[in-house]
Amino acid sequence: MSPSTRLAHLRPLALTALSAAAALALGACGARSDTGSAGSPTPSASRTPAPKGAISKAAAQQVVDHFQAVNNAANAARDAKLLGTVEAGVPYTQDQGVFKQWKTWTAKKQKTYSSPFAYENRQYIIPAAPATWFAVTATSSDGDKSRGVFVFDKADGGPYKMSGAVWLGKKTTLPKIAVDRHGLAESVDPAQQVGALAPNQLRTAYEDLWETGGAQEGKKLASTVETKEAISSYRHYKAHGTGKDDQTGKNIADSWFVTAEPASSKVYALRLANGGVLAVAGTAHTQKTVVKPQYPNGYLHAGEAQIALGASGSGEIYSINDTYQGQLLVALNPQSAQVIDGEWEQVGSASTQR
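Here's what the structure looks like:
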């Protein structure tokens with residue numbers, strides 16, 4: 002993953018009757034410079050043995066260093082197999098989508114993405130055992146000083162792999178994580194209810210914003226930039242459709258969103274200093290675009306990104322399904338559930354001919 006390529010997800014798909022341009026939303030990974038554990042207090046003497054963390058700080062540093070080196074090599078070569086040795090779940094699926102779209106990018110964008118970078122200003126967040134994962138916050142050495150939250154987990158009992166990654170907007174503040182006197186964080190059961198929602202219910206609530214505009218479970222989410230964007234896209238396509246005809250200027254296709262399965266449904270949750278919970282959760286949806294019945298001779302052409310991801314590059318297309326995988330960073334407390342930020346990437350596209 003490369004933080005330099007991070008874009009916003011889905012501003013309305015600019016489909017015309019003869020072209021379909023898909024939006025990109027590239028994830029991010031990168032930077033080295035260790036400054037300690039997040040919120041670590043000064044240790045004090047204790048007669049009882051200190052609790053063990055899921056991993057030691059020194060070992061966590063080695064995991065991130067190794068990921069950084071392999072990630073840079075994989076990005077430069079667009080080597081998905083190599084990247085799969087250090088990345089899993091939604092981040093890995095997102096990056097495979099990025100590699101497929103590589104040939105559609107400008108030379109400048111390709112150079113930026115393939116340039117090595119490092120995770121800097123690292124703060125390690127290590128839960129107490131028996132948790133199998135840890136997190137780190139960091140900035141990137143590529144000049145973008147926004148901070149990201151990255152989760153490393155032992156995928157299927159194997160080596161640690163990056164299994165969650167969300168870069169924060171420059172104006173976004175990360176809530177303070179609670180740590181005990183040993184500097185360890187508390188992992189929270191994702192099924193534990195926190196107010197109106199449990200962390201493992203976030204995907205259903207968030208995707209309801211895309212499917213219905215928040216008529217059902219989406220009502221339980223607080224209004225934030227991320228939720229407003231989802232509702233805005235739902236309303237836009239419901240009211241206007243897409244696929245503007247070159248001659249009449251009218252949109253000839255309907256377009257809507259349907260919840261899809263993320264590459265991993267595992268949710269990572271940590272206790273916040275205010276008693277709430279911070280969660281990283283995978284999510285996904287498919288945007289379905291179909292020519293309206295009243296335009297029997299109308300058709301669509303896929304854009305470059307869609308073709309690279311599997312849509313047909315020739316013939317008269319009747320429908321296109323574009324699939325997106327995302328990751329959410331959400332703060333929950335008894336009063337509200339706030340989607341702080343998200344990381345999106347288009348990972349697939351399929352078309353149906355007339």
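Residues in the sequence shown are numbered consecutively from 2, following the working numbering. In this text, a Cβ means the ideal position worked out from N, Cα and C, and glycines have one as well.
Span of the alpha helix (DSSP H), counted from its first residue to its last, around Leu203 = Your numbering for residue 203 matches position 202 in the sequence shown. Here the alpha helix (DSSP H) through Leu203 covers 203 to 213.
Euclidean distance between Cα positions of Asn122 and Ala254 | Taking the sequence shown and counting its residues from 1, the one referred to as residue 122 is at position 121. Taking the sequence shown and counting its residues from 1, the one referred to as residue 254 is at position 253. As the crow flies, the alpha-carbon of Asn122 is around 47 Å from that of Ala254.
Where the beta strand (DSSP E) through Glu230 begins and ends | For the purposes of this step, residue 230 is taken as residue 229 along the sequence shown, with counting starting at 1. Here Glu230 belongs to no beta strand (DSSP E); instead the alpha helix (DSSP H) covers 226 to 241.
With 16 other CB atoms within 10 Å as the buried threshold, where does Gln275 fall?
-> Sequence index remark: in the sequence shown, residue 275 carries index 274 (1-based). Reading off the sequence shown, one finds Asn at residue 275, where the question assumed Gln. Result: exposed.
Taking the DSSP output, what are the residues bridged to Pro128?
-> Locating residue 128 in the sequence shown gives position 127, counting from the first residue. Ala186, per the DSSP bridge assignment.
Using 10 angstroms around the beta-carbon of Glu1, count the other beta-carbons present and answer buried if the total reaches 16, otherwise exposed.
-> Given a span of 2 to 355 for the chain in the structure shown, any question on residue 1 remains unanswerable.
Output the distance between the C-alpha atoms of Ala240 and Ser224, rounded to the nearest integer angstrom.
-> For the purposes of this step, residue 240 is taken as residue 239 along the sequence shown, with counting starting at 1. For the purposes of this step, residue 224 is taken as residue 223 along the sequence shown, with counting starting at 1. Their backbone Cα atoms lie some 21 Å apart in a straight line.
Contact test: Leu198 Cβ vs the ligand MG heavy atom, cutoff 7 Å | Among the ligands in the structure shown, none appear at all, so the ligand MG cannot be discussed.
Contacting residues, own chain, Cβ-Cβ under 6 Å from Asn201 (five flanking each side not counted) | If you number the sequence shown from 1, residue 201 lands on position 200. Excluding residues within five positions, the ones whose Cβ falls inside 6 Å are Pro191, Ala192, Val268.
State buried or exposed for Ala156, treating a residue as buried only when at least 16 other CB atoms are found within 10 Å of its CB.
-> Within the sequence shown, numbered from 1, the residue matching residue 156 stands at position 155. That one is buried.
Presumed contact (8 Å Cβ cut-off) between Pro176 and Leu279, rounded CB distance = Within the sequence shown, residue 176 is the residue found at index 175, counting from 1. Within the sequence shown, residue 279 is the residue found at index 278, counting from 1. Leu279 and Pro176 do touch by the CB rule: their CB atoms are close to 6 Å apart, below 8 Å.
Return the residue from the list Lys229, Gln288, Leu185 that minimises the CA-CA distance to Pro52.
-> In the sequence shown, residue 52 corresponds to position 51, counting from 1. A check of alpha carbon separations from Pro52 across Lys229, Gln288, Leu185 identifies Leu185 as the nearest.
Which of the three DSSP states, helix, strand or coil, is assigned to Asn122?
-> One-based indexing of the sequence shown puts residue 122 at position 121. Under the three-state reduction of DSSP, Asn122 is assigned to strand.
Taking the CB atoms as reference points, tell me whether Leu83 and Ala74 lie closer together than 8 Å.
-> Residue mapping note: residue 83 aligns to position 82 of the sequence shown, counting from 1. Residue mapping note: residue 74 aligns to position 73 of the sequence shown, counting from 1. One thing to note: Leu83 has its Cβ within 8 Å of the Cβ of Ala74.
Close beta carbons around Glu208, own chain, < 7 Å, minus the five adjacent residues each side = Reading the sequence shown from its first residue, position 207 is the one you call residue 208. Spatial neighbours of Glu208 in its own chain (CB-CB distance under 7 Å, excluding positions within 5 residues in sequence) are listed in chain order as Thr260, Thr284, His286.
Given a cut-off of 8 Å, decide if Leu169 and Gly149 are closer than it, judged by their beta-carbon atoms.
-> Sequence index remark: in the sequence shown, residue 149 carries index 148 (1-based). Sequence index remark: in the sequence shown, residue 169 carries index 168 (1-based). Result yes, Cβ atoms of Gly149 and Leu169 sit closer than 8 Å.
For Val195, collect the residues of the same chain with a Cβ closer than 6 Å to its Cβ; drop the 5 residues on either side in sequence, then sort them by chain order.
-> In the sequence shown, counting from the first residue as 1, residue 195 sits at position 194. Once the five neighbours on either side are set aside, the close Cβ partners of Val195 are Val278, Leu333.
Can you tell me whether Ser116 is buried or exposed, with buried defined as 16 or more other CB within 10 angstroms of its CB?
-> On the sequence shown, residue 116 is found 115 positions in, with the first residue counted as 1. Answer is exposed; the Cβ neighbour count stays below 16.
Determine the contact status of Leu210 and Tyr235, defining contact as a CB-CB distance below 8 Å.
-> For this step, residue 210 is matched to residue 209 along the sequence shown. For this step, residue 235 is matched to residue 234 along the sequence shown. Yes.
Roughly how far, in whole angstroms, is the beta-carbon of Gly356 from the beta-carbon of Ile308, given that I think they are within contact range, below 8 Å?
-> Because the chain is modelled from 2 through 355, residue 356 falls outside the range shown and cannot be assessed.
Can you tell me whether Thr107 is buried or exposed, with buried defined as 16 or more other CB within 10 angstroms of its CB?
-> Taking the first residue of the sequence shown as 1, we reach residue 107 at position 106. Its Cβ having fewer than 16 others within 10 Å, Thr107 is exposed.
Roughly how many angstroms lie between the CA atoms of Arg355 and Ser265, to the nearest whole one?
-> Here the question's residue 355 lines up with position 354 in the sequence shown. Here the question's residue 265 lines up with position 264 in the sequence shown. When rounded, the distance between both Cα atoms is 34 Å.
Quick one: what's got a C-beta closer than 6 Å to Pro44's C-beta in the same chain, skipping five residues either side?
-> Working through the sequence shown from its first residue, we reach residue 44 at position 43. Its pLDDT being 49, under 50, Pro44 is placed unreliably by the model, and the measurement read from it follows with that caveat. The beta carbon of Pro44 is closer than 6 Å to none in its chain, skipping five residues each way along the sequence.
Residue from Lys109, Asp80, Pro128 with nearest C-alpha to Ile178 | In the sequence shown, residue 178 corresponds to position 177, counting from 1. Closest by alpha carbon: Pro128.
Going by C-alpha distance, which of Asp154, Ser147, Ser142 is nearest Ala136?
-> For the purposes of this step, residue 136 is identified with residue 135 of the sequence shown, where counting begins at 1. Comparing Cα-Cα distances from Ala136 to each of Asp154, Ser147, Ser142, the minimum goes to Asp154.
Is Ser164 near Pro92, with beta carbons less than 8 Å apart?
-> For the purposes of this step, residue 164 is identified with residue 163 of the sequence shown, where counting begins at 1. For the purposes of this step, residue 92 is identified with residue 91 of the sequence shown, where counting begins at 1. Between Ser164 and Pro92, the C-beta spacing is below 8 Å.
Beta-carbon proximity check, Leu206 vs Gly219, cutoff 8 Å = Position 205 of the sequence shown, counted from the start, is the residue given in the question as residue 206. Position 218 of the sequence shown, counted from the start, is the residue given in the question as residue 219. The residue asked about is misnamed: residue 206 is Ala in this sequence, not Leu. A contact, by the Cβ cut-off of 8 Å.
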